[in-house]
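One structure below.
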Amino acid sequence: DPDETGEVDLTHQPAEDAESVSLTVDTGDDTETVDVDVDELEDADFQIVDLNAPDEVSATEEIEVTAEIENVGEQDDDRTIELRIGDTVFDNADLELDGDETGGVDLAYDTDEDDVGTVSLTVDTGDDTDDVDVDVVGDAVFEIEIVDDLTDTEVVAGSTADVEVDVDNVGTADGEETVTLFADDDEVDSDTVDVAADDGESLSFEIDTDEDDAGDLDVVAEGTEASDDTTITVEEAPEEAVFELSIEETN
C-alpha cells in the first residue's frame, strides 16, 4: 500500500573460489549494491572424541570397539573409519557427517590364542588416530588319557581294579577340570584337579568288581570336553576247593 514498508529475502551462492561478491538489489525503481567478503569453509576434519572397548576378553572372543567421532570442520564429508593392529586393517565402517556433527561407528576384532596378552587396537579416521589396549586371557584346554601301564587290564571278580588317569592342560591359562569314571555306563567316582597351563596332573580311581562283572568291563574317563576309554577283563573267581573226609575202619 502507499507509504507501507516491507521486506524480501534473497539468496546467492558464490563460486567456490570467490573471495568477495558485489550484490545489487533492483526494485525496478531503485537499485542498491553491497560488497560481501566470502570466507572459505573449513575442510571436514574427523576427530575421535571417545573410544569404548572391554578391558578384558577371553581368547577366541570378539573385541567390540565403539568410536565416537566429531567433524570439527565446516564442510560436510564422509570417511572410512578403520580398526587396525599395527598396519593391518581388521575392520572398517563408513561414516558421513555434516560440519560440527558427531556420530559413531562400531568396529570388531576376533581374537585367538595367539593374542593372549595385551592387544593394542588403533582406530583411524584418516584425520585422527587413537589407541585402546585390551587384555586377552587364554583358556584352559584339557586332554584326558587313561594310563595303560598303571591301569589294570585283568582282575578277578571280587577284587579291585586300579585306573590311573592323566589330565593335561594344553591351553594357555590355568584351570580346574573334573573327571568322572564310568564302568559299563555306571558312574564309579569323580574327582576335580587344578592344572596349570602347559602342565599335567594324575588322578587315581578304583573299581570294585563282583561276579556280575565277569567278562569285559568298558571303562570311560570323562572330562568337560575330552575323554578316554579302555577295557578291563574281569575273570570269574575260581571255585573254592571242597574237601571230603572219610574214615576207613582198620583192624
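First residue of the sequence shown? That's 1016 in my numbering, and the numbers climb one at a time after it.
For each residue, glycine too, the CB sits at the ideal point set by N, CA and C.
Small disclaimer: the values here were computed from a predicted structure and weren't measured.
Can you look up residue i in the DSSP assignment and give me helix, strand or coil?
| i | result |
| --- | --- |
| L1260 | coil |
| L1165 | helix |
| E1055 | coil |
| E1128 | helix |
| E1022 | coil |
| I1226 | Just to set this straight, residue 1226 is Glu in the shown sequence, not Ile. Reduced to three states, the DSSP call for E1226 is helix. |
| S1174 | coil |
| E1089 | coil |
With distances taken Cα to Cα, identify the nearest neighbour of residue i among the options.
| i | options | result |
| --- | --- | --- |
| F1157 | T1168, T1046, E1216, D1177 | E1216 |
| T1133 | E1085, L1066, E1071 | E1071 |
| A1241 | A1212, D1154, E1192 | E1192 |
| G1141 | V1023, D1060, V1234 | D1060 |
| T1144 | S1261, D1050, V1023, A1082 | A1082 |
| L1196 | V1208, F1220, T1187, A1188 | F1220 |
| V1234 | I1161, E1263, D1206, D1130 | I1161 |
| V1049 | E1057, D1058, T1039 | T1039 |
| D1209 | G1190, L1110, D1200, V1023 | G1190 |
For residue i, report the span of its beta strand (DSSP E) as first-last.
| i | result |
| --- | --- |
| A1030 | Here A1030 belongs to no beta strand (DSSP E), and DSSP marks it neither H nor E. |
| S1073 | 1071 to 1073 |
| E1251 | Neither: E1251 is in no beta strand (DSSP E) and is coded neither H nor E. |
| Q1062 | 1061 to 1067 |
| V1210 | 1201 to 1210 |
| A1082 | 1077 to 1086 |
| E1191 | 1190 to 1198 |
Take the Cβ of residue i as the centre, count every other Cβ of all protein chains shown within 10 Å, and call the residue buried at 16 or more, exposed below.
| i | result |
| --- | --- |
| T1042 | exposed |
| V1194 | buried |
Touching by the beta-carbon criterion (3+ pairs, under 8 Å), the stretch 1089 to 1105 and the stretch 1172 to 1184: Segments in contact, no.
Any 3 or more C-beta pairs closer than 8 Å across the stretch 1230 to 1238 and the stretch 1140 to 1149: Two segments are said to touch when three or more pairs of C-beta atoms, one from each, lie closer than 8 Å; by this definition the stretch 1230 to 1238 does not touch the stretch 1140 to 1149.
Touching by the beta-carbon criterion (3+ pairs, under 8 Å), the stretch 1076 to 1093 and the stretch 1159 to 1170: Look at the beta carbons and you see the stretch 1076 to 1093 not touching the stretch 1159 to 1170: under three pairs across the two are nearer than 8 Å.
Inter-stretch contact at 8 Å, needing at least 3 Cβ pairs: the stretch 1066 to 1080 / the stretch 1135 to 1143: The stretch 1066 to 1080, when compared against the stretch 1135 to 1143, does touch it at the 8 Å Cβ threshold.
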